[in-house]
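Positions 1 to 108 (our numbering) are the ones given, in order, by the sequence shown.
Glycine is no exception: its CB is placed at the ideal position from the N, C-alpha and C atoms.
To start, the structure under review is shown below, and the notes come after it.
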Amino acid sequence: MAIKQGEELSIHYTSPMLGTMARRSRVKKNWFFDCCCPRCRDSTELGTLLSALVCQACRREGRQGHLLPALPLDPACPWSCSEQGCSGGESAGSVLSLVTGLEAELEE
Numbered sequence: 001m002a003i004k005q006g007e008e009l010s011i012h013y014t015s016p017m018l019g020t021m022a023r024r025s026r027v028k029k030n031w032f033f034d035c036c037c038p039r040c041r042d043s044t045e046l047g048t049l050l051s052a053l054v055c056q057a058c059r060r061e062g063r064q065g066h067l068l069p070a071l072p073l074d075p076a077c078p079w080s081c082s083e084q085g086c087s088g089g090e091s092a093g094s095v096l097s098l099v100t101g102l103e104a105e106l107e108e
C-alpha cells in the first residue's frame, strides 16, 4: 500500500491494551508529549471501556454503571458514573491508586 504525499502517519507508542491513564503517562514519561488522539479524548476509549471501573453504588443496586473520567485529558479530573441518576464517583487520586496497585499485582 503506497503512502500518499502529505498523508498522516500514526503509530502506537505503547500497548493498546493499556487504559488511557497508563498510556498517556508512559507517553509523557518516555516521549515527552501529551497524547490527544481520539481514543485518549474519549472517556469510553472509543467504546472499549478499557479504563472504566465498576461503579460500586450501581453494583449494590443491581445496575451496571461504569466510572469514567469526566475530562479524559485531565489526569486530575474526578471520575463519575455513566448511569443516569447515579451519584457514584471517585477522585482521580483514588483511581490512580487503585490502577497502580492492580498493575503491580499483575506484574508479580
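Test: residue i CB closer than 7 Å to a CB of chain B
i	result
Leu-68	Looking at the structure shown, chain B is missing, and only one protein chain is on hand.
Nearest candidate by alpha-carbon position, reference residue i, set the options
i	options	result
Leu-9	Arg-23, Val-54, Cys-37, Met-17	Cys-37
Leu-49	Leu-102, Glu-61, Arg-24, Leu-18	Leu-18
Pro-75	Gln-5, Glu-7, Arg-26	Arg-26
Ala-22	Arg-60, Thr-100, Glu-108, Ala-2	Thr-100
Within 7 Å, strictly: CB atoms of residue i and residue j
i	j	result
Thr-20	Cys-40	yes
Cys-77	Pro-69	yes
Own chain, CB closer than 8 Å to residue i, minus 5 neighbours either side, in chain order
i	result
Leu-67	Ala-52, Leu-53, Val-54, Cys-55, Trp-79, Ser-80, Cys-81, Ser-82, Gly-88, Gly-89, Glu-90, Val-95
Leu-102	none
CB-CB length for residue i against residue j, believed under 8 Å
i	j	result
Cys-35	Gly-65	That belief does not hold up - the Cβ atoms of Cys-35 and Gly-65 are roughly 27 Å apart, past 8 Å.
Pro-16	Ser-43	Not a contact, Cβ separation roughly 17 Å.
Contacting residues, own chain, Cβ-Cβ under 6 Å from residue i (five flanking each side not counted)
i	result
Leu-46	Arg-39
Give the list of continuous beta strand (DSSP E) stretches no shorter than 3 residues that lie fully inside the region 25-79.
66-69
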